[in-house]
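Participant: My questions all concern the structure below.
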Amino acid sequence: MNHAPLTPQPPLPFPAAQRYEDTVLEWARGLDARSLRARDQAYGPDPQHRYDVFAADGMRGAPVLVFWHGGGWTNGYKEYVHFMAEAVIRRGLVLVAPTYRLAPGHRLPAAYDDAVLLLGELRRTVGRWGGDCRNLYLAGHSAGGGTAAMAALRKPALERAGVPPGDVRGCLPISGVMDLHHPCPGPGSLEERVYATLLERPCEDTLMSAISWTAGNLVPMVSSYGERDSARVIGANTRMHELLKRQPADAGLHAWTGLDHFDTHLALADPAHDWYGQLESLVARTCR
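Residues 1 to 288 (our numbering) are what the sequence shown spells out, left to right.
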C-alpha cells in the first residue's frame, strides 16, 4: 500500500517506541490496499482531524470498530492501525483508524474532544462504507486505549457531539494509559512528561484520567495488558477494573503472558489472536 509521506513528529522518548513505530509503519506499507475504502477523511478543521476506513465489498449494516493509535498523546499516526484491517474485516466489522491533535501543541482534553467529534462525524458518514453508526466499538493501544475509554465513559461529551451513548456498544482498550496522576514524578521520566507536555495544569491529572470516569458506566469494557507491561499500566488497569466491576455494565480484564507494552499491539498481527475473539464475542452479545 503506497502512503503519502507522513508529517514529521518529535523524536520518540525511547528506542523500544521507535522500533514499534518502524515495525507497524512497515507493515502498513506492505498491505494490500483493496480493503481501504477511504483515506484521510476530514472530521474537523485541524490537519490532524483525519481518519481512514477499511471495509469489505458489499458490507451493509456492519458494526464499526474505531481504533485509536498510541504514542503518548505527543506522537503517532493512524497508519499504526492499518495492519489490523484484514483480521477486523474478516469478522464482519468496518475498521476506522483515526488520528487526533497531539500535545504539546494541543494539550488534553484535545485528543478526547477529537474522539467524540469523530464519532459524531461517523454518525453521518460511516454508512457510505457499509457501517452501522448505531453499533460502535471503541478500542486503542496505549494512549489510544485511554482515549477509547474516555470516549466511552464521558457520556455528556457524547451527547454534545450528537452521539446517543447507547450507540457505543463496547470498549476494548489494550495497554491503556488510564491514570495520569503521579504524586512525585521523577526527573526525565514518562510521568514527568505528562505534567510537562500533556496537561494544561498539574491539578487536571485526575480529571484527564479514564479511571476517574467509571461511575455509572453502561458500556461493556474488556481491557487487556501485557504481563511485562509497565507497572503503571498494569496497576491502573487493575484498579480501574475493580471500579468497573461495580458498575452496571460488564467488565473483563486480560493479562497476556510474556508481552510488554508494545508487544500487546504487535501481537495483533496474528489474525487468530485472542483479542479478535474477544471483539467477536462482545459484538455477538451486544450488537443490535
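By construction, the Cβ of each residue, glycine as well, lies at the ideal position given by its N, Cα and C atoms. Model, not experiment: these values are computed from the prediction.
Quick one: complete beta strand (DSSP E) runs, 3+ long, within the segment 208-285?
Facilitator: Qualifying beta strand (DSSP E) stretches, in chain order: 221-228 and 251-260.
Participant: Using the C-alpha atoms, what's the distance from Ala97 back to Ala28?
Facilitator: Rounded to whole angstroms, Ala28 to Ala97 spans 12 angstroms at the Cα level.
Participant: Mind listing, in chain order, the continuous alpha helix (DSSP H) runs of no fewer than 4 residues lying wholly within the segment 89-137?
Facilitator: For the segment 89-137, whole alpha helix (DSSP H) runs of length 4 or above, ordered along the chain, are 110-125.
Participant: Taking the continuous alpha helix (DSSP H) assigned at Trp27, which residues delimit it?
Facilitator: Taken as a continuous stretch (DSSP letters only), the alpha helix (DSSP H) holding Trp27 covers Pro15 to Arg29.
Participant: Going by other Cβ atoms of all chains shown within 10 Å of its Cβ, with 16 needed for buried, is Asp179 buried or exposed?
Facilitator: Counting Cβ neighbours within 10 Å, Asp179 comes out buried, since at least 16 surround it.
Participant: Quick check: is the beta carbon of Asp250 nearer than 8 angstroms to any beta carbon in chain C?
Facilitator: Here there is only one protein chain, and chain C is not present.
Participant: Out of His261, Gly76 and Glu280, which has the shortest C-alpha to C-alpha gap to Leu313?
Facilitator: Since the first residue of the chain shown is 1 and the last is 288, residue 313 is not available in this structure.
Participant: Is DSSP giving His292 helix, strand or coil here?
Facilitator: This structure does not reach residue 292, given that the chain is present from 1 up to 288, and the question cannot be answered.
Participant: Measure the alpha-carbon distance for Lys245 versus Leu218 and round it to whole angstroms.
Facilitator: Looking at the two C-alpha atoms, the distance is approximately 11 angstroms.
Participant: Among Asp205, Ala115 and Phe83, which has the Cα closest to the Cα of Val163?
Facilitator: That would be Ala115, whose Cα lies nearest to the Cα of Val163.
Participant: Can you tell which of Val66, Leu136, Pro183 and His181 has its C-alpha closest to the C-alpha of Gly166?
Facilitator: Checked all of Val66, Leu136, Pro183 and His181; the closest Cα to Gly166 is Leu136.
Participant: Ends of the beta strand (DSSP E) at Leu291?
Facilitator: With the chain running from 1 to 288 in the structure shown, residue 291 is simply not present.
Participant: Thinking Glu86 and Leu25 are a contact (beta carbons under 8 angstroms), I'd like their distance in whole angstroms, please.
Facilitator: At roughly 17 angstroms, the Cβ-Cβ gap does not stay under 8 angstroms, so Glu86 and Leu25 are not in contact.
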